[in-house]
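Okay, so the sequence shown: first residue is 53 according to this note's numbering, each after it adds one.
Working notes, beginning with the structure itself.
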Amino acid sequence: MANIVVLGTQWGDEGKGKIVDLITPSFDVVARYQGGHNAGHTVYVRGKKIVLHLVPSGILHPDTLCLIGNGVVLDPKAFLEEIAALKKLADIHEDNILISRNTHLILPYHGLIERYSEESRGAKKIGTTCRGIGPAYEDKSARRGIRAGDLLNLDVLKEKITENTGEYNEFFRSHGLPELDPQKIFEEYRDYAAAMRSHIQEVSLVLDEKIRAGKSVLFEGAQGALLDVDHGTYPYVTSSNSTAGGVCTGLGIGPTKIDAVLGVTKAYTTRIGSGPFPTEIFDDLGKTIAKRGDEFGATTGRPRRCGWFDAVAVSYACRVNGIERIAVTKPDVLDGFEEILVCTAYTYKGSPLSSFPTEPWVLEKVRPEYRRVPGWKEPLHGLQEFADLPQAFKDYLLIIEDLVRAEAAIVSTGVERGETVFRDDGVDGLLNLEAIRRNGLSGT
Numbered sequence: 053m054a055n056i057v058v059l060g061t062q063w064g065d066e067g068k069g070k071i072v073d074l075i076t077p078s079f080d081v082v083a084r085y086q087g088g089h090n091a092g093h094t095v096y097v098r099g100k101k102i103v104l105h106l107v108p109s110g111i112l113h114p115d116t117l118c119l120i121g122n123g124v125v126l127d128p129k130a131f132l133e134e135i136a137a138l139k140k141l142a143d144i145h146e147d148n149i150l151i152s153r154n155t156h157l158i159l160p161y162h163g164l165i166e167r168y169s170e171e172s173r174g175a176k177k178i179g180t181t182c183r184g185i186g187p188a189y190e191d192k193s194a195r196r197g198i199r200a201g202d203l204l205n206l207d208v209l210k211e212k213i214t215e216n217t218g219e220y221n222e223f224f225r226s227h228g229l230p231e232l233d234p235q236k237i238f239e240e241y242r243d244y245a246a247a248m249r250s251h252i253q254e255v256s257l258v259l260d261e262k263i264r265a266g267k268s269v270l271f272e273g274a275q276g277a278l279l280d281v282d283h284g285t286y287p288y289v290t291s292s293n294s295t296a297g298g299v300c301t302g303l304g305i306g307p308t309k310i311d312a313v314l315g316v317t318k319a320y321t322t323r324i325g326s327g328p329f330p331t332e333i334f335d336d337l338g339k340t341i342a343k344r345g346d347e348f349g350a351t352t353g354r355p356r357r358c359g360w361f362d363a364v365a366v367s368y369a370c371r372v373n374g375i376e377r378i379a380v381t382k383p384d385v386l387d388g389f390e391e392i393l394v395c396t397a398y399t400y401k402g403s404p405l406s407s408f409p410t411e412p413w414v415l416e417k418v419r420p421e422y423r424r425v426p427g428w429k430e431p432l433h434g435l436q437e438f439a440d441l442p443q444a445f446k447d448y449l450l451i452i453e454d455l456v457r458a459e460a461a462i463v464s465t466g467v468e469r470g471e472t473v474f475r476d477d478g479v480d481g482l483l484n485l486e487a488i489r490r491n492g493l494s495g496t
C-alpha cells in the first residue's frame, strides 16, 4: 500500500485522531513528524474516549510501530504520564513507541518564559497552550536545544542543563520571575532518562529500513495547515511545519517516499485561540454548532470558535499540501439545519481576492462571499454506506469537492470507528479496506 500523510486542512481540531486510528490497519508504521503535547488527538473506541497528545494515534493497534520524529518537541514528563494514562485505558504495547535521538526536549524554563511572553502581549496574545512548545523550537533554531539523545549521556545532559538554566535565570532575574535550580532540573531529567532510554533510537534509519522492506507508513500531522509557521496565518500559528513539507525534515526521509496526502476537513470551520476567522458565527447558531460538535479543546478544554465552511481557506491548504483526497468529518453536527452557508470567495476593500491571504491585517478585514445551500433533514449520524447518505448532503459534498478541488474519499458520520463511510473509488490504492474491516471498525 501507499505511504501517505494525514494532516488537517484548517486551524486544527479537524478530527485527525479518529481518521488516523481508523485507517491504521492499512499501515505498518505511524510516524508523528511535528508539534508537541499541545496537540490533542481524540479517539473513541467502544464508547471510551482516549486523548493522545504525543503518542501517535496508531498506538491502539498492537502490531503498529509508532515513531516520534525529530520535528517533534517532547516534554518527557508529559510523555511518560501519557503512556501511564494509556495503559489504564487500553492494552497498548509500550515497546512499539520509538523516539528520535534528534527530538528536542521541553524543559521547565520553556513553559515559564512562554507564560511570561503571552501575558506580556496583552490583547495581542497568540493563544498558545503555554506548555513550552514555542520556546523549545526557539532553542532548537538558536542551536542551544537539548535533545533526546542527550539523555543517553548524563555528563552532557548536566552540562547543557546547567548552561541553559543559567542563561534563562538571567532573564528571569531581570524580569522579577522566580529562578530555577539547575541541579533539581538535572535530577528530574536523569530520572526521565532512565525511564525513556529504551525508546530513544535513530528513527530516520528505522523508517528507511521499514520502507525499503516494503512496509507502509502513515505520516501523522498535528494542528492544521493554517497553523503552519510558514504557510499559516502568521503570527497566529504554531511553531512548526504542520504542512506536508514538514514530514521530510521532521522525520529524516526524502519526498520521494511519500505517495499521497489525505486532508482531514471538518464540514464547518473551527478555530481555537486568537487570530482572524472570516467565517466565524457570532450568534446563537455558532453556540449551537459548538454544543452539538462538543467543540472544546482536547488539550486545554478551551471553547472553540465556530463558523461556516471556508472553501477559500481549505482550497489553499489543498494547494500547498498537494491534497487530492479529503476525509470530511462532523457533517452530522449540521443535521436538521434548514440552510447551510459555504464561503466561496473573499473580497478585500471592495475587490475580489485571487487567493487566501495569510497576513492577519488582510484576513481580519476580508468579506466572505457565501453560497446558501439547502440542509438535510435525514440524520447522517452512524451511516456507513454512501448510498444511504441524504441527497441534500451529497449535493453539499459535491459543492465542497468542486470548490477545494479534492475528492471526498471518507465521510465520518460519528466519533466511533464504525461510524464512517468509505468511497471505494476514492480510497482505491490508498487504503486497504479489507485490513481495516478485518481488524474491526469498533474495537481494538
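Note that beta-carbon positions come from the ideal geometry of N, C-alpha and C, so glycine has one too.
Given the structure is predicted, the values throughout are model-derived calculations rather than measurements.
From the DSSP output, read off the bridge partner residues of residue i.
i	result
V473	V463
T381	K318
A397	E421
G87	V124
I252	I151
F361	V394
E468	Y96
P426	E391
L117	V81
K101	Y96
S403	Y400
L59	G315
R199	H156
P187	DSSP output for P187 lists no bridge partner at all.
P431	Answer by DSSP bridge pairing: none, since P431 is not bridged.
P355	F348
Just to confirm my understanding: we take residue i, look at its own chain, exclude 5 residues before and 5 after, and list those with CB closer than 6 Å. What are they?
i	result
G179	G325, S326
R419	T399
I263	K309
G110	T76, V82, T116, C118
H234	Note on identity: in this sequence residue 234 is Pro, with His being the wrong assignment. If we look at P234 and ignore the five residues flanking it on each side, its Cβ neighbours are I213, T214, T217.
S152	G121, N122, V255
R423	V394, T396
V463	V380, V473
H145	P114
Looking only at its chain, what residues have a beta carbon closer than 7 Å to the beta carbon of residue i, apart from the 5 residues adjacent to it on each side?
i	result
G163	C182, R183, G184
E430	P442
G495	In this prediction, G495 scores a pLDDT of 45, lower than 50, which makes its location untrustworthy; the coordinate-derived value is nonetheless stated afterwards. Excluding positions up to five away in sequence, the list reads V97, R98.
N373	L59, A277, T295, A296, V313, G315
A397	V364, P404, E421
G466	D384, H433, G434
Return no unless some Cβ of chain D is closer than 8 Å to the Cβ of residue i.
i	result
A83	Protein chain content of the structure displayed is limited to a single chain, and chain D is not contained in it.
Go ahead and label residue i buried or exposed: buried means 16 or more other beta carbons lie within 10 angstroms of its beta carbon, across all protein chains shown.
i	result
H497	Because residue 497 is not part of the residues shown, which for the chain are 53 to 496, the question remains open.
Y368	buried
D143	exposed
N90	buried
K401	exposed
D335	exposed
R323	buried
Q86	buried
E219	exposed
T381	buried
D73	buried
G121	buried
S407	exposed
A175	exposed
P108	buried
H156	buried
D127	buried
H227	exposed
G388	exposed
D65	buried
P499	Because residue 499 is not part of the residues shown, which for the chain are 53 to 496, the question remains open.
Mind reading off the beta-carbon distance from residue i to residue j? Whole number of angstroms is fine, and I expect it under 8 Å.
i	j	result
A54	A312	5 Å
F79	V269	6 Å
I237	A200	The pair is not a contact, with the Cβ atoms about 16 Å apart (cut-off 8 Å).
A363	V456	6 Å
T303	A83	Reading off the sequence shown, one finds Leu at residue 303, where the question assumed Thr. Right, their Cβ atoms sit about 6 Å apart.
Y189	S291	4 Å
V125	G88	4 Å
K68	G273	7 Å
L132	Y244	7 Å
E391	G427	6 Å
Tell me which same chain residues have a C-beta within less than 8 Å of the C-beta of residue i, skipping the five on either side of it?
i	result
G338	E332, R357, C358, G359
P412	T285, Y286, P287, Y288, G327, P328
Please give the ranges of any alpha helix (DSSP H) in the region 268-351, keeping only runs that are unbroken, at least 4 residues long and fully inside the region.
298-303, 336-344
Extract the residue ranges of the alpha helix (DSSP H) inside the region 198-236, only unbroken runs of 4 or more that lie entirely within it.
206-226
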